[in-house]
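Here's the structure we're looking at; comments come further down.
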Amino acid sequence: DTKTDVGWGHQIRSYVLDNSRIKDLRTNVEISNTQKVLDGDLDAFIEASLKQGV
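Counting in the working numbering, the sequence shown runs without a single skipped number right up to 69 at its last residue.
Structure, rendered in structure tokens:
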């Protein structure tokens, strides 16, 4: 069950600002507009999580 995989010490999202990308490790969604995500636009990550059931 992937929901139980998320806990202390488990990484689910990686913010790689030097390469201008943010990647969600559970859904493989990768966004190149880092400022938009840091401003709170998480819709792509949320939608992918819901579609995949994670």
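Note that CB positions come from ideal geometry on N, CA and C, so glycine has one too.
Listed as beta-bridge partners of S29 by DSSP are K38. DSSP places V69 in no alpha helix (DSSP H); its state is neither H nor E. Under the 10 Å beta carbon count, V52 is surrounded by 16 or more other beta carbons and is classified as buried. Distances from the alpha-carbon of A59 to those of Y30, L40, V44 and D33 put V44 closest. In the same chain as Q67, and ignoring 5 residues on each side of it, the C-beta atoms closer than 7 Å to its own belong to T42, in chain order.
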